[in-house]
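Colleague: Residue numbers (the working numbering), protein chains in the order written: chain A, -8 to 221; chain B, 62 to 780. Using N, Cα and C, we set each Cβ at its ideal position, and we do this for glycine too.
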Amino acid sequence: MLQNLPDLVGMSLGFALTVMVFSYILGDNPFFRFALYLFVGVASGYAAVLVFYNVILYQLILPLVDKGGLSIVVWVPLLAGIWLIITKVSPRLNRLGNPVMAYLVGAGAAVIIGGAVLGTLLPQIDATAGLFDLQVDVENGGSIITTVLYGLVILVGVITSLAFFHFGVRTKADQSSPKRLPWIESLAKIGQIFIVITLGAIFAGVYLASLTALIERVQFVINLFLPLLP
Amino acid sequence: MSEVRCPMCGKANPPETEVCQFCQARITPLVLNSTSDDVPPNPQESSVPVHIAESEKPDWLDDLRQDDEAAAEEGEESGMPETNASDEGSPHEEEHPEEAGEEGREIPDWLAGLGAEEKPTEPEEGKVSGEEEIPGWLAEQEEPSEELAATPQETPFEEAALPEWFSAQESEEPEPEGEPAPLPDWLAEEEAGIPEEAQQEEGLPDWLTAFTAAEALEGVQPEGVSPAESEIPFLPHEDSVEAGTGEGIEEGTPDWLKELEPASLEDQAEGVTPALIVGALTQETPVEEAQEAFDIVDLSELPDWFTEVSAAEKAEGAQPEAVEEEPALVSAELPEWLEAMRPVQAETLQATIEGEELTPEEKMGPLVGMRGALPSQPSAIHYRKPPSYSAKLQVSETQQAHIALLEELLSTEGAARALPQKAAISSRDVIRLVIAGVLLLTVLLALLIAEPRTSMPDPQFISPEIMDLSEIISGVQFDAPVLVAFDYEPGFSGEMDAAAGAVIEDLVDQGAYLTLVSTHPSGPLLAERAVQMINQAQDLEYTSYANLGYIPGGMTGLAAFASNPHTASPIDLATVSDPSHVSGWSEPALSGVTDVSDFALVVVLTEDADTARGWIEQVWPLLAEKNKPLVMVTSAQTEAVVRPYYESDPKQVGGFSSGLAGGAAYESLVGTGGLSGQYWDAFSAGLLATEVLILLGSLVSLGVVSTSSHKSSKGEDVK
Chain A
-8 MLQNLPDLVG MSLGFALTVM VFSYILGDNP FFRFALYLFV GVASGYAAVL VFYNVILYQL
52 ILPLVDKGGL SIVVWVPLLA GIWLIITKVS PRLNRLGNPV MAYLVGAGAA VIIGGAVLGT
112 LLPQIDATAG LFDLQVDVEN GGSIITTVLY GLVILVGVIT SLAFFHFGVR TKADQSSPKR
172 LPWIESLAKI GQIFIVITLG AIFAGVYLAS LTALIERVQF VINLFLPLLP
Chain B
62 MSEVRCPMCG KANPPETEVC QFCQARITPL VLNSTSDDVP PNPQESSVPV HIAESEKPDW
122 LDDLRQDDEA AAEEGEESGM PETNASDEGS PHEEEHPEEA GEEGREIPDW LAGLGAEEKP
182 TEPEEGKVSG EEEIPGWLAE QEEPSEELAA TPQETPFEEA ALPEWFSAQE SEEPEPEGEP
242 APLPDWLAEE EAGIPEEAQQ EEGLPDWLTA FTAAEALEGV QPEGVSPAES EIPFLPHEDS
302 VEAGTGEGIE EGTPDWLKEL EPASLEDQAE GVTPALIVGA LTQETPVEEA QEAFDIVDLS
362 ELPDWFTEVS AAEKAEGAQP EAVEEEPALV SAELPEWLEA MRPVQAETLQ ATIEGEELTP
422 EEKMGPLVGM RGALPSQPSA IHYRKPPSYS AKLQVSETQQ AHIALLEELL STEGAARALP
482 QKAAISSRDV IRLVIAGVLL LTVLLALLIA EPRTSMPDPQ FISPEIMDLS EIISGVQFDA
542 PVLVAFDYEP GFSGEMDAAA GAVIEDLVDQ GAYLTLVSTH PSGPLLAERA VQMINQAQDL
602 EYTSYANLGY IPGGMTGLAA FASNPHTASP IDLATVSDPS HVSGWSEPAL SGVTDVSDFA
662 LVVVLTEDAD TARGWIEQVW PLLAEKNKPL VMVTSAQTEA VVRPYYESDP KQVGGFSSGL
722 AGGAAYESLV GTGGLSGQYW DAFSAGLLAT EVLILLGSLV SLGVVSTSSH KSSKGEDVK
C-alpha cells in the first residue's frame, strides 16, 4: 500500500486537475484557472532547474572550472551574458547592452533566413516544378494525365495563394479606394479557395488532436476508478 | 442731463459746473456766456449746435426739434433715401439692434436734433404759419391778446421755420431787377387791417423787447410794429436811426448789427435803402406808403447775410425735390455678403466730421476765429464703444442639422448604457454542454467496452508516408545511433504518446541507440517518460539510450547542434542524477558522431509546425549531404505543414506519421499493440459522434436560415 502511495497521490492529483480543466465546459472558473496557473508554475520551475543544470552548470561553470579558466569559448559567452544582464536591468545602461543583443538577433536572423531559403524555399520551388517531369512519372508507372492534372492543381494553388497575399495596389483618380489589378484580384479569389481548404484541414487536425487528448484523459479516469469497481 | 462730462478728462461733473473739478479744465465755453449776453440771435448761428443745459434750454427749441424729428420720420416712412450714415442700417446694427440703440442713446439730444435738421425735409404747408412753429417765448407774448392768436404767426428767422413767402420767393427764379416782388399772404392780410398793436406784440424777441422798453423809457416808444419788423426783429428802429443818437441801439444792438447800421444809414441817405425796411420801421408811415415802398424793394440789394440765408433755404427746399425726381439715387440692393463687408466706422467718422463743421467758432480769447477748438460739448460724449464685431456664426440649415446630429451623438456617447442582461444559461452554453456531453458519453462508452468494435486500419490501404516511415525504421541497423527529438508540449502527450509509441517501440525493437534531445525545456522529461512507458509496456529494461537534454537557443541552438552535437549538448542527464553513470557520448554508438549527419536516422516528434519546419531547415541540409533520412511523428494538426516536405523531390521528410490515426496505422502495419489500438474504438466513435453533431447542426442552421429568410420574404410582401 505504501509502495503505491506516490502513484495513488499522483493519480489523485491528476484526476483533480483533470476535473478542474474539464470544468471549463461550464465556462471560465477559478478551478480552471488554478489548474492553469499550477501547470504554468510547475513548468516554469522545472524549466529553470533544467536550464541551470543543463546549461549554466554543465555548459558554462564546470567547463570553466575543469579547464582552469583558460577556455576563451567559455569566457566570451559568460562575459557577454553578464554584461547583458547588467545593462538590461538598468534603463540608463540599456543602450550599452545593444551590441550583445545585436549579435544575438543578427545571428538568429541569419540562421533562420538561411535555413528558410535552403531548407524550404528552394526545395519547394524545385518540387513544384518537378511535378511536371512526366518522364519520371512514366518511369514510376504513373499516368501522364493524372500527373499533369496533379501538377496543374499544385501549380494553380501555389500561384493563386501567392496572389492572395499580393497587396500591391495602384491608385487611380477615378477610383474611390485603391484596388488591386483585376487579374490579380481574380487570382486572389481562386487562391482564397485553396487557403480556406488548407485552414480547414488544419482545423480538422486540431480537432483530432483534441479528441485524442480527451480520449486519453477519459482513459486515465477509467484506469483510476476501474480497479475500485467491484 | 444730470451731469456734465469734462471734455479733457471725461469725468462727470455737476451740470452747473463751469470748470472741471478734477482737471480744472473749462467745461462751459466762453462763447456761450458772451453770446447769451452780447450777441443777438443771429439766424445763421441759431442753427449751430450749442451746448445748453437741459434746464436752460428753451421750450421752443424742444418743439422745433420734435417737429424736425417728426418730419424725418415721415420722410423715412415715405421711402425717402436717407443721407445720414448713422440712420442707415448697417450690417452691424442689423445684427445688434440693441447696440445700435445704445449708440442712439449715447447721442445727445442736441446732436440728434441737429441730425434731424440736416435731413432733407419737404416743406409742409401749415407748418410755417402754424401754431407749432411759434417759439415758446413768442407764444408767451401772444397769450395776453386773443386777437393775436387769430392772426397768422410768424416764426423767427431760422432755417427750420422760414416763412412760406420767403421759401416760395427763393425757390423761384430771380425776377428781373426793378420788378417789384409779389406781396406775400401775410402782407396781404396785413393790408386787410390787422391791428398794428397785435403785429407789434408778435414775434418780438427778448432783446427787442428790451430794446423797445428802453425806447419807451426815452419817450420814443412806437405805437405799433409792422409785420416786417416782427419778422426782422434785429432791424433798428427808424426813430433811433433818424435821431442819430444811437443810444438805444448801442445798448441792445449786437455787433453785427452795428456793422450793418452805417450801411443802412448810408443807403437810406442815398435812397438805396429798401423802402420796405424803411417804411416798415417808420411808425408814422401809412399802409399805402409801406406798400409802395415794398414794391420797389430790389431783392438783389439785400445784405449778404440775407442772401446766405436765402441760399441755405433754397438748398434745403430743393434737396427733397431732387431726391424725389431722381429715383436712380436710391441705394442699390447690395448682396448680403457685400453688405456685411460694408465699413461702418467710415460712415460714422464722416458723420462726426460733418458734425465738427457745425461746431461754433470761438469769439473770445486766444482761440478766436478757430472752430471746434473748445468743443461746446464734452468730448466724452463723442466717445463710442469700440466696435464689437459679431461673434455669431453664419450657419446654414444643413450645418445646423449636422450640429444637432453631432450633439445628439455626443450626448448619447456620454450617457451610460445599461449592459444587456446576461442570461444565467444562454443557448450557447446549452449547445456547448450538449456537445461536451455527447462526446464524453461516446468516448466513455467506447473505452468501457473491452472488446474492440472497430477494425484497425487495413495495412493494404495505409498511406505511403507511413509505409515509408516503417521502411526507413526497419532499415536501421542494430546499435546505430538514432537521434530522437521530443519536441512537443506536455499538453499533447496524450496524442503524441499514442502516435509515437509504436515508432519508438519499433526502434527499440531494432536495437537502435536512441539519443534523446529536445528544444523544449519539458522535452527531456517527456523523453524519459516515453522510455519508461515502453519499458512498462514491454516489460523491458531498456537502457541503451542517452538523454542529452535540452538544446538552448531555439533555431540557433538547433543549427549549432546539427553542426556539432557534442558541443551543443555535452551532458547526459543520466549523469546528473547518477554521477556514476557513463555519459552517452562515451558510448561506442556516439563516439563517431561529429555532426548530425553521423546519426543513422533522425526522428522528430513534434506537434508544432514551426518546430517541424525548423528541424527540416536546419538539419535536413546536413542529412541530405550523406543521404540520411529525416522522419517525423507529428500531431494531426501539423500534417498539412509537413506533407509538402514529404512530397517534394527529393523528399525532405522521408516518412511521417500524424496523429492517432497514423499511430494506429503504423501499429497495424508493424503488427504491434499500443495506445493507438486502445484509443482506436473511442477515436472512431468520437469521430462518428462528431459527424452526427455536424450534420444535426447543419440541419438546424439550415432550418433557421430558411425560416428567417421566409419571414423576411413575407415582410417584403407585406411592404
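Taking all protein chains shown into account, decide if Lys712/B is buried (16 or more other Cβ within 10 angstroms of its Cβ) or exposed.
Modeller: With 16 or more other Cβ atoms within 10 Å, it is buried.
Colleague: With a Cβ-Cβ cutoff of 9 Å, do Pro585/B and Leu577/B count as a contact?
Modeller: In this structure, Leu577/B lies closer than 9 Å to Pro585/B by Cβ.
Colleague: Under 8 Å by Cβ, that's how I've got Val664/B and Val692/B pegged, so tell me the actual separation to the nearest angstrom.
Modeller: Confirmed, Cβ separation roughly 5 Å.
Colleague: For Tyr37/A and Ser759/B, I'd like the C-alpha separation in whole angstroms.
Modeller: If I take the Cα positions, the gap works out to 46 Å.
Colleague: Nearest-angstrom Cα distance between Lys775/B and Asp165/A?
Modeller: Taking the straight line from one Cα to the other gives about 40 Å.
Colleague: Since Leu494/B and Ile116/A should fall inside the 8 Å C-beta cutoff, what is the C-beta to C-beta distance between them, to a whole number of angstroms?
Modeller: Contact doesn't hold; Cβ gap of about 49 Å is too wide.
Colleague: So what does DSSP say about Glu194/B, is it helix, strand or coil?
Modeller: Reliability of the predicted coordinates at Glu194/B is poor, the pLDDT of 49 falling under 50, and the value obtained from them is presented with this limitation in mind. In the structure shown, Glu194/B sits in a helix (DSSP, three-state: H, G or I).
Colleague: Are the beta-carbon atoms belonging to Asn238/A and Ile533/B less than 9 Å from one another?
Modeller: Only positions -8 to 221 of chain A appear in the structure, and residue 238/A is not among them; the question remains open.
Colleague: What does the alpha-carbon distance come out to for the pair Val499/B and Gly88/A?
Modeller: Distance between the alpha carbons of Val499/B and Gly88/A: 56 Å.
Colleague: Within this structure, are the beta carbons of Ala697/B and Gly735/B separated by less than 9 Å?
Modeller: Cβ atoms of Ala697/B and Gly735/B: not closer than 9 Å.
Colleague: Quick one: residues in its chain with C-beta nearer than 7 Å to the C-beta of Gly787/B, no 5 flanking neighbours on either side, listed in chain order?
Modeller: No answer is possible for residue 787/B: the residues shown for chain B start at 62 and end at 780.
Colleague: For the candidate residues Glu700/B, Val714/B and Gln461/B, whose alpha-carbon lies nearest to that of Tyr706/B?
Modeller: Nearest of Glu700/B, Val714/B and Gln461/B to Tyr706/B, Cα basis: Val714/B.
Colleague: Could one say the Cβ of Tyr606/B lies closer than 9 Å to chain A's Cβ atoms, at least one of them?
Modeller: Taking Cβ atoms only, chain A never reaches closer than 9 Å to Tyr606/B, which makes this a no.
Colleague: To the nearest angstrom, how far is the alpha carbon of Leu202/A from that of Gly747/B?
Modeller: The alpha-carbon atoms of Leu202/A and Gly747/B are separated by roughly 7 Å.
Colleague: Residues of chain B with a CB under 8 Å from the CB of Ala98/A: which are they?
Modeller: Those within 8 Å of Ala98/A in chain B are Thr617.
Colleague: Find out if the Cβ-Cβ distance for the pair Val127/A, Asp710/B is shorter than 9 Å.
Modeller: Going by C-beta atoms, Val127/A is nearer than 9 Å to Asp710/B.
Colleague: For Val663/B, which beta-bridge partners are listed by DSSP?
Modeller: According to DSSP, Val663/B bridges with Leu544/B and Leu691/B.
Colleague: Excluding five sequence neighbours on each side, which residues of the same chain lie with their C-beta closer than 7 Å to the C-beta of Gly653/B?
Modeller: If we look at Gly653/B and ignore the five residues flanking it on each side, its Cβ neighbours are Asp659.
Colleague: Rounded to a whole number of angstroms, what is the C-alpha to C-alpha distance between Glu602/B and Ser516/B?
Modeller: Near 32 Å, if we compare the C-alpha coordinates of Ser516/B and Glu602/B.
Colleague: Alpha carbons only, please: which of Thr111/A, Ser152/A and Leu48/A is nearest the one belonging to Thr189/A?
Modeller: Comparing Cα positions, the closest option is Ser152/A.
Colleague: Could you tell me which of Asp742/B, Val753/B and Thr672/B sits nearest to Ala222/A, measuring between CA atoms?
Modeller: The structure shown does not extend to residue 222/A, since chain A is modelled only from -8 through 221, so no value can be given for it.
Colleague: Any idea which residues DSSP pairs Ala73/B with across the strands?
Modeller: DSSP lists Arg66/B as partners of Ala73/B.
Colleague: Can you find a CB in chain B that lies within less than 9 Å of the CB of Gly121/A?
Modeller: Answer yes: the Cβ-Cβ gap between Gly121/A and chain B drops below 9 Å somewhere.
Colleague: Give a yes or no on whether 9 Å exceeds the smallest Cβ distance from Glu130/A to chain B.
Modeller: Glu130/A does not count as touching chain B.
Colleague: Taking the C-alpha atoms as reference points, what is the distance between Ala195/A and Glu700/B?
Modeller: Spanning the two alpha carbons is a distance of roughly 10 Å.
Colleague: Is the beta carbon of Arg87/B closer than 9 Å to that of Glu77/B?
Modeller: For Glu77/B and Arg87/B, no; Cβs fall outside 9 Å.
Colleague: Using a Cβ-Cβ cut-off of 9 Å, state whether Ile632/B counts as contacting chain A.
Modeller: Closer than 9 Å: yes.
Colleague: Using 10 angstroms around the beta-carbon of Met616/B, count the other beta-carbons present and answer buried if the total reaches 16, otherwise exposed.
Modeller: Buried, since its Cβ has 16 or more Cβ neighbours within 10 Å.
Colleague: What is the DSSP secondary structure of Val578/B, reduced to helix, strand or coil?
Modeller: In this structure, Val578/B counts as strand in the three-state DSSP scheme.
Colleague: Quick one: list the residues of chain A neighbouring Trp681/B, beta-carbon separation under 7 Å, in chain order.
Modeller: Chain A residues near Trp681/B: Gly110.
Colleague: Starting from Phe155/A, follow the alpha helix (DSSP H) in both directions and report where the run begins and ends.
Modeller: From DSSP, the alpha helix (DSSP H) with Phe155/A extends over Ile135 to Phe155.
Colleague: Is Leu844/B helix, strand or coil by DSSP?
Modeller: Not covered by the structure: residue 844/B. The range shown for chain B is 62 to 780.
Colleague: In this structure, does DSSP put Ser696/B in helix, strand or coil?
Modeller: In this structure, Ser696/B counts as coil in the three-state DSSP scheme.
Colleague: Of all the CB atoms in chain B, is at least one closer than 9 Å to the CB of Val127/A?
Modeller: Yes, because at least one Cβ of chain B sits closer than 9 Å to the Cβ of Val127/A.
Colleague: According to DSSP, Lys424/B sits in a beta bridge with which residue or residues?
Modeller: None; Lys424/B has no bridge partner.
Colleague: Identify whether Lys712/B lies in helix, strand or coil by the three-state DSSP scheme.
Modeller: Three-state result, Lys712/B: coil.
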